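Numbering (the numbering used here), first residue to last: 524 to 661.
Cβ atoms here follow ideal geometry from the backbone N, Cα and C, with glycine treated the same way.
For clarity, every value in this text was computed on a predicted model and none was experimentally measured.
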Amino acid sequence: MPCAAGRVCVAGVCQTPWMPMPTLYGGSVQRVIFNPANASEAFAGTDGGLFRSSDGGGSWSRLSSFEYRFVRRGVISSTGATLHALWYDQSWATHVSRSVDGGAGWQLVSALESRGIQDVAFAPSHASIAYAVSGSRI
């Protein structure tokens, strides 16, 4: 049996594949990441800051330490204990900040300043090791 417009058939049941989420008033959303240790916690990087949700994306609040910053990437360790955010300032210089308390407090990773960092990732087998990518270097 065909489904109505905007719905898909999964195992013979018509379902709505996408649910609208609240608007994030921070510009275009660049990245959404979920905490692998807590599926209710998510972060969204936007052109105007970093937002956090504690209810699986039902509601969002902007983290004041990232207001008016272009947050391009983010990654959470497999244990959910550490979060890294890659962001640009108003002169388009790249920065990486780290939080070890769920995004409440942030520390600039000064060793990565002015390195042109393009992405960050955690080692899947070791939650305390993070990699930063800069051009052809890791």
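Neighbourhood of residue i by C-beta distance below 7 Å, restricted to the same chain and skipping five residues each side
i           : result
alanine 562 : Gly579
glycine 549 : Thr569, Asp570, Gly571, Gly572, Phe574, Arg585
glycine 476 : For the chain, the structure presents residues 524 to 661; residue 476 sits outside this window and is missing.
proline 559 : Ile599, Ser601, Gly603
Among the options, the one whose alpha carbon lies nearest that of residue i
i              : options                        : result
threonine 602  : Gly549, Gly550, Ala653         : Ala653
tryptophan 615 : Thr605, Asp624, Gln641         : Gln641
glutamate 590  : Gly597, Arg596, Trp610, Thr605 : Trp610
glutamine 613  : Arg592, Phe645, Gly626         : Arg592
arginine 595   : Ala646, Thr605, Gly639, Asp624 : Gly639
Environment of residue i [buried if 16+ CB atoms lie within 10 Å]
i             : result
glutamate 564 : buried
glycine 568   : buried
histidine 607 : buried
leucine 631   : exposed
glutamate 617 : Strictly speaking, residue 617 in this sequence is threonine, with glutamate absent from that position. Its Cβ being crowded by 16 or more others within 10 Å, threonine 617 is buried.
glycine 658   : exposed
Proximity below 8 Å, CB of residue i to CB of residue j
i          : j          : result
serine 576 : serine 582 : yes
Separation of residue j from residue i, as counted between CA atoms
i          : j             : result
valine 643 : threonine 546 : 26 Å
Contact set for residue i: own chain, Cβ-Cβ below 6 Å, skip 5 residues either direction
i           : result
glycine 597 : Arg554, Ile556, Phe566, Gly568, Ala608
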